[in-house]
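Using numbering that gives the first Met the number 0, you'd call the opening residue of the sequence shown number 0 and step up by one each time. Each residue gets a CB set at the ideal place from its N, CA and C atoms; glycine is no exception. The structure displayed is predicted, hence computed values, not measured ones. These notes concern the structure reproduced below.
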Amino acid sequence: MLENADERKAEAAKWFRALRDRICAAFEGLEDAGAPGPFEALAPGRFEVSPTERDGGGGGLMSVMRGGRVFEKVGVNWSEVHGQLAPPAQKAMAARGVPGMEEDPRFWASGISLVAHMRNPHVPAVHMNTRMFWTPHAWWFGGGADLNPCLPVEEDTAHFHAQMKAACDPHGPLDGEDRYAKLKAWADEYFFIPHRGRARGVGGIFYDDLNTGDWDADFAFTRDVGAHFLPAFQPLVEKRRAQPWDEADKEAQLIHRGLYAEYNLVYDRGTKFGLTTGHNPDAVLMSLPPEAKWH
0 MLENADERKA EAAKWFRALR DRICAAFEGL EDAGAPGPFE ALAPGRFEVS
50 PTERDGGGGG LMSVMRGGRV FEKVGVNWSE VHGQLAPPAQ KAMAARGVPG
100 MEEDPRFWAS GISLVAHMRN PHVPAVHMNT RMFWTPHAWW FGGGADLNPC
150 LPVEEDTAHF HAQMKAACDP HGPLDGEDRY AKLKAWADEY FFIPHRGRAR
200 GVGGIFYDDL NTGDWDADFA FTRDVGAHFL PAFQPLVEKR RAQPWDEADK
250 EAQLIHRGLY AEYNLVYDRG TKFGLTTGHN PDAVLMSLPP EAKWH
């Protein structure tokens, strides 16, 4: 049971919404700054914001920018949904150890989900998500961020991971282990693609089912994960957006995007949950790249 559940749910949803607003403003600022190259003459990209509704309760904002000077496609979605889980989702929750779902299948969830696919192949794609889930019988936080370059650069990977470590370290160990090391290893496992025998990208951190019994502490950590996203990613965009690239680089990007699409459609837990619970499919599938290639 979560004391003062309604107040805490409202607080979490408000934070996720504010983070969405901050990131969208920063990304439009990157578009205004532009990038020398073949797309320099384009108008700065802007987010198209569409309200979404979930059959059964709640909704959110789907914010997608397409065809920008820096971002080829980026989605920053916020949602706050509630209602009753359908039987397949109830079984999925029960399989994860959530008690009482058959007797009382009510749920509430809120979060922010972001995926960015970039114009310049030297600028890595990126994913970030933070969320809270509640039922009358359990609650938890989840999230993380991971970097997905098609042309990896060691110093960029190191910078991104340093920011993820900076989000983790002030909050101390988790389950008796170094928090960053634990969540980095979790990301390496979660974002592995078994049928390809390789990782989706260069990793980051990932966590789910976070409930230490201290809601305030777990929420504070989740806020820090979200707050460290822009410092982790924005400098990489600023550094790489004007770097020259050729057709071989673009080919590598398109093939890597195919890998990204395979993972999200076959393995990603958030994609499966969003579709199972009846959320807007366009919002759920906004993570897919605008173009991809398979050999």
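query                                                                                                                          : result
Close Cβ partners of arginine 240 (< 6 Å) along its chain, the five nearest in sequence each way excluded                      : Ala34, Val69, Asn119, Val122
Sequence-distant residues of its chain with Cβ nearer than 8 Å to leucine 41 (five each side left out)                         : Gly66, Gly67, Arg68
Buried versus exposed call for proline 148 [16 or more other C-beta atoms within 10 Å across all chains shown]                 : buried
Stretch-stretch touch, CB-based, cutoff 8 Å, three pairs: the stretch 207-226 with the stretch 132-142                         : yes
Segment contact, 8 Å Cβ cut-off, at least three pairs: the stretch 56-66 with the stretch 76-92                                : yes
Neighbourhood of lysine 292 by C-beta, 6 Å cutoff - its chain only, sequence neighbours within 5 removed                       : Leu253, Ile254, Gly257
Cβ-based neighbour list, leucine 173, same chain, cut-off 7 Å, excluding 5 preceding and 5 following                           : Lys181
Cβ contact check for the stretch 225-239 and the stretch 153-165: 3 or more pairs under 8 Å                                    : yes
Span of the alpha helix (DSSP H) around proline 50                                                                             : Proline 50 -> not in any alpha helix (DSSP H); beta strand (DSSP E) instead, spanning 47-52.
Helix, strand or coil at lysine 90 [DSSP, three-state]                                                                         : helix
Proximal residues to alanine 186 (C-beta, below 8 Å), its chain only, five neighbours per side dropped                         : Gly143, Asp145, Gly202, Gly203, Ile204, Phe205
Bridge partner(s) assigned by DSSP for tyrosine 266                                                                            : Tyrosine 266 is not bridged to any residue.
Alpha-carbon spacing of aspartate 208 relative to methionine 64, whole angstroms                                               : 31 Å
Inter-residue Cα distance where the pair is asparagine 3 and alanine 108                                                       : 16 Å
Three CB pairs or more closer than 8 Å across the stretch 92-99 and the stretch 3-21                                           : no
Terminal residues of the alpha helix (DSSP H) in which histidine 116 lies                                                      : Careful: histidine 116 lies outside any alpha helix (DSSP H), inside the beta strand (DSSP E) at 105-117.
Distance between beta carbons of proline 289 and alanine 71, contact taken as under 8 Å                                        : Here residue 71 turns out to be glutamate, not alanine, going by the sequence shown. Their Cβ separation, rounded to whole angstroms, is 6 Å, which keeps glutamate 71 and proline 289 in contact under 8 Å.
Threonine 156 (DSSP reduced to helix, strand or coil)                                                                          : helix
Sequence ranges, alpha helix (DSSP H) only - wholly within the stretch 176-225, length at least 4                              : 178-189
Nonlocal neighbours in the same chain, by C-beta distance under 7 Å from phenylalanine 191, ignoring five residues either side : Ala198
Cβ shell of glutamate 261 (< 7 Å), same chain only, five flanking positions each side left out                                 : Ile192
Glutamate 246 (DSSP reduced to helix, strand or coil)                                                                          : helix
Own chain partners of glutamate 250 with C-beta closer than 8 Å, once the 5 adjacent residues on each side are dropped         : Lys292
Cut-off 6 Å between Cβ atoms - residues of its own chain near glycine 44, not counting five sequence neighbours on either side : Glu30, Met64, Gly67, Phe70
Endpoints, the beta strand (DSSP E) within which alanine 14 is located                                                         : The question names alanine, but residue 14 is tryptophan in the sequence shown. Per DSSP, tryptophan 14 belongs to no beta strand (DSSP E); it is in the alpha helix (DSSP H), 4-32.
Given glutamate 153 as reference, the closest of Thr211, Gly200, His116 once Cα atoms are compared                             : Gly200
Contacting residues, own chain, Cβ-Cβ under 6 Å from tyrosine 179 (five flanking each side not counted)                        : Lys164, Cys167
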